[in-house]
Each structure stands twice: as structure tokens, then as C-alpha cells.
Amino acid sequence: MHFSLIESFLVILLIAFIVALVCNQFKLPVILGYLFVGMLVGPYNLGWLPNTDKIKIFSDFGVVLLMFTVGLEFSISKLGTLRRSVFFVGLFQVLFCIIITTWFCLLLKINITAAVIIGSIIAMSSTATVMKQLSDQAEINTHHGANALGILLFQDLAVIPILVFVIAFTDAPQPGFSNAILWALLKGGLSVSLILISGKLFLAPMFEYIDEIGLIEIFTLAVLLVSVGAAWITHILGLSYALGAFIAGMMLAECKQRLKIKAEIRPFRDLLLGLFFISIGMLANMVMWIEYWRWILLFTCALMIAKPLLVIFLSRLARFDLSTSVRTGLLIAQGGEFGFAILLLALKNHLILDAWGQTILAGMLISFFFSSLLIRYNAPLSQYILKRKEK
């Protein structure tokens with residue numbers, strides 16, 4: 028069945044509306060509903076929307092606006108308090124995920140390039156999933172919310188050298204691999220500095236002036252321009268859209284208009300994020316899941332058990348209390364949107380077998396489903412775990 032662009036959005040909006048009502052009725056995270064909608068209408072099931080590109084174009088903006096609003100919660104001075112999370116827990120979580128997974132894959136006779144790629148995919152968690160639900164649950168400013176944000180920020184930074192690694196080992200390897208990584212890091216520092224300086228000099232005065240004008244349309248357009256513009260700057264310099272949007276939001280964290288900015292951007296953010304999760308669900312191929320269920324189960328356990336245990340251990344080493352450490356582990360128990368990017372690039376360049384690609388994809392989608400429940404109920408789950416430990 029073929030739909031035009033407007034018909035595609037009509038189908039998605041109708042089904043998403045119904046499923047969101049059902050999720051609300053049973054007090055389930057609406058993300059579960061969006062993923063279900065994607066699986067239902069995607070190319071491998073009903074096939075109503077055979078092409079995910081139409082949806083993905085818009086869904087990427089949802090992640091940008093999400094990270095912009097998350098940045099509004101963290102000023103520069105406040106971000107300094109995340110250094111343990113970013114440069115200790117985040118750093119060693121990514122390193123150990125890659126090292127341990129590579130070692131395990133080599134035991135299974137998987138070549139080292141594919142092994143490192145699989146480890147990198149496991150290391151990633153979903154900024155969009157975690158931050159969206161924490162925002163809805165008013166938990167971003169909690170200890171476990173801040174710790175999770177620091178870990179996710181380092182993962183965003185780590186994506187750059189990982190993608191450079193994948194590109195360097197394509198069928199036509201590119202020379203100067205070490206130079207490419209150094210150049211990527213230099214571009215990262217340049218983009219961050221550019222956004223910080225422009226934000227300090229122009230953004231706060233600009234929003235004060237626009238607020239005095241009193242036209243809500245101009246204010247909304249300015250918010251969208253700043254968030255998307257910052258994302259574009261980091262993108263053209265080889266970094267993620269999300270990082271630029273986060274830094275721009277952080278520049279406005281101490282602005283008098285912060286709450287008004289959040290209120291104006293939230294409807295756009297929530298609608299486009301819904302499309303993001305629908306586009307993820309559209310990738311599911313249930314037929315392949317049956318054939319490779321044992322490997323899918325193993326990969327899912329790596330994402331939802333092994334990685335959270337590692338984060339709990341590292342958080343304790345970083346002197347976070349046990350409750351914060353356990354709740355942080357529950358928050359990051361899923362695959363990530365950047366993991367999808369790494370996987371798709373590896374498949375495109377034949378660095379991973381298609382069978383492994385479907386296995387990894389299935390494990391990531393399953394983790395998306397269950398992790399939304401872990402995030403929703405992270406408080407009672409952590410209390411239950413701590414009580415069992417005391418016994």
C-alpha cells in the first residue's frame with residue numbers, strides 16, 4: 028500500500044493518537060506506544076510506510092529540540108559539577124564496554140573490526156529516551172538524572188572518534204587515521220568555543236530585546252533559529268546535532284526568559300520526538316527475530332544487564348551513593364540513537380554481516396521497549412534492589 032507524504036503523516040497521527048490514549052489509560056510510558064506504532068506501520072509488518080526517510084527528516088529535529096531544552100537546565104557553572112560523571116563514569120563506561128565486548132567477540136571468532144564496532148554500539152545509550160522521560164518525570168535535576176546526563180554527554184563526544192574509526196576501516200580504507208581523530212577533536216573544541224562565545228555576547232541580550240517587543244511569533248522563531256543553528260554548526264564540523272543544541276541551551280540557562288523559552292519550544296519538541304521513536308520502531312523485522320532469538324537475547328542482556336552493572340560499579344568508584352548509582356544504571360539500560368548510526372554505517376560498508384546487523388537491531392529495539400519502563404519506575408525498582416541487597 029502506497030501513501031503520499033500527507034497521507035503517511037495522517038496515518039501516523041491517527042494511530043499514535045489512539046495508542047497514546049491507551050498508554051495514558053494504563054499509565055504506561057507513551058514512548059512504548061510510539062515504538063509500537065512504528066513497528067505496526069513499518070515496511071516489515073503492515074508495510075503502510077515502506078520508507079522511513081520521510082519520517083526521519085523531521086524526527087531528527089525532535090532530538091535537537093530535546094537537547095536544547097535539557098541544556099536550559101544546566102548553566103556553565105552547574106555543568107562543572109558533572110565532571111565526575113562525564114570524565115570518569117562516562118569515559119570508563121565507554122572504554123570498558125568496547126574492551127570487554129571486543130574480547131568476548133574475539134572468543135566467538137568475530138574479526139576485530141566488527142568486534143570493536145559491536146562494543147561501540149553497546150556503549151551507546153539513548154539521550155532522547157532518557158532525557159525525554161526524565162523531563163516528563165521532573166527528574167533531570169536529581170543526582171541520578173545529572174549523573175546520567177554526564178554519561179550521555181560523554182557518549183555523544185565519543186561518537187566522533189568511533190565514526191572516524193568505522194570510516195577508516197571501510198572497503199577503501201582512508202589514510203591518516205590518527206590525524207583524522209585529532210582533526211575531529213580540534214573541530215569539536217572549535218565548535219564548542221564558537222557557540223560559547225556567541226552565546227555569551229549575543230544570545231542573552233537578543234532574547235531580552237525580543238521579549239520586550241512582545242510578539243510571541245518572533246520569540247518562537249528566535250528559539251527555533253538558535254537551537255537549530257547551533258546544531259547545524261556542530262554538524263558541519265563533524266559533531267552531533269545534539270551536542271550543539273545542548274550547548275546553545277546551556278548558554279541561555281541563566282537568561283531571564285529561560286522558562287518562557289522552554290514553554291514555547293516544548294510542543295514542537297514533543298511532537299517531533301514522537302516521530303523519532305516511531306521511526307525507530309519502523310526498523311523492526313519480526314521474522315528475523317525468530318531465527319536469531321538466542322543471539323538477540325544475549326545482545327539484549329549486554330545492553331540491559333551488563334552495561335547497567337558496569338555503570339553502577341563506576342558510579343560507586345566515583346563516590347556516588349548506592350541509590351544514585353543503581354538508579355543511574357537503570358536509566359542507561361538501552362541502546363542509543365548514535366548506536367543506530369554506527370550500525371547503519373557499518374552495514375553500509377560491509378563491516379558487519381547482515382545477520383549480525385539484524386540481531387543487534389532487534390536487541391536495541393527490545394531494550395528501547397523495556398528501558399522506558401525501567402526509567403518510569405526507577406525509584407521503586409532501586410528501592411527493591413537495595414532492600415534485597417540488605418537481606
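Converting from the sequence shown to the numbering used here requires adding 27 to each position, the first position being numbered 1. Backbone N, C-alpha and C define an ideal beta-carbon position, used for all residues, glycine too.
Your pair residue 36 and residue 308 does not check out as a contact, with CB atoms roughly 16 Å apart and the cut at 8 Å. Here residue 73 has 67 as same chain residues with Cβ atoms under 7 Å from its own Cβ, once five neighbours each way along the sequence are excluded. Here residue 140 carries a helix assignment [DSSP, helix/strand/coil]. In this structure, residue 155 lies near residue 93, with their beta-carbon atoms less than 7 Å apart. Around residue 343, the same chain offers 349 and 352 as residues with beta carbons nearer than 8 Å, after the five sequence neighbours per side are excluded. Restricting attention to 229, 261 and 172, the CA atom closest to the CA of residue 217 is found in 261. A contact between stretches requires three or more CB pairs, one per stretch, nearer than 8 Å, and the stretch 267 to 283 meets this requirement with the stretch 218 to 230.
Restricting attention to 255, 117 and 48, the CA atom closest to the CA of residue 356 is found in 117. In the three-state reduction of the DSSP assignment, residue 111 falls in the helix class. For residue 254, the secondary structure class from DSSP, reduced to helix, strand or coil, is helix. Shortest Cα-Cα distance from residue 114 to any of 57, 181 and 48 involves 181.
For residue 327, the uninterrupted alpha helix (DSSP H) segment begins and ends at 320 to 328. Here DSSP, grouped into helix, strand and coil, assigns residue 259 to helix. Between residue 366 and residue 374, the gap from beta carbon to beta carbon reaches 7 Å or more. Straight through space, the alpha carbons of residue 241 and residue 319 are spaced by roughly 58 Å. The beta carbons of residue 360 and residue 388 sit no closer together than 7 Å.
Per DSSP, the unbroken alpha helix (DSSP H) holding residue 133 starts and ends at 118 to 134. Using a C-beta cut-off of 8 Å, the stretch 133 to 142 makes no contact with the stretch 285 to 299, since fewer than three inter-stretch Cβ pairs fall below that distance. The Cβ-Cβ distance between residue 164 and residue 338 does not fall below 7 Å. Looking at the backbone, the Cα of residue 145 and that of residue 314 are separated by about 22 Å. Taking C-beta atoms as the reference points, residue 112 and residue 178 count as a pair closer than 7 Å. The C-beta distance from residue 257 to residue 222 rounds to 5 Å, short enough to fall under 8 Å. Leaving aside the five residues that flank residue 149 on each side, the residues in its chain whose CB is nearer than 7 Å to its CB run, in chain order, 124, 128, 329, 330 and 334. Taking 7 Å as the cut-off, the beta carbon of residue 398 is found no closer than this to the beta carbon of residue 56. With fewer than 16 other beta carbons inside 10 angstroms of its own, residue 382 counts as exposed. Secondary structure note for residue 283: it is in no alpha helix (DSSP H), with a DSSP letter that is neither H nor E. In the DSSP assignment, residue 381 falls within the alpha helix (DSSP H) that extends over 381 to 403.
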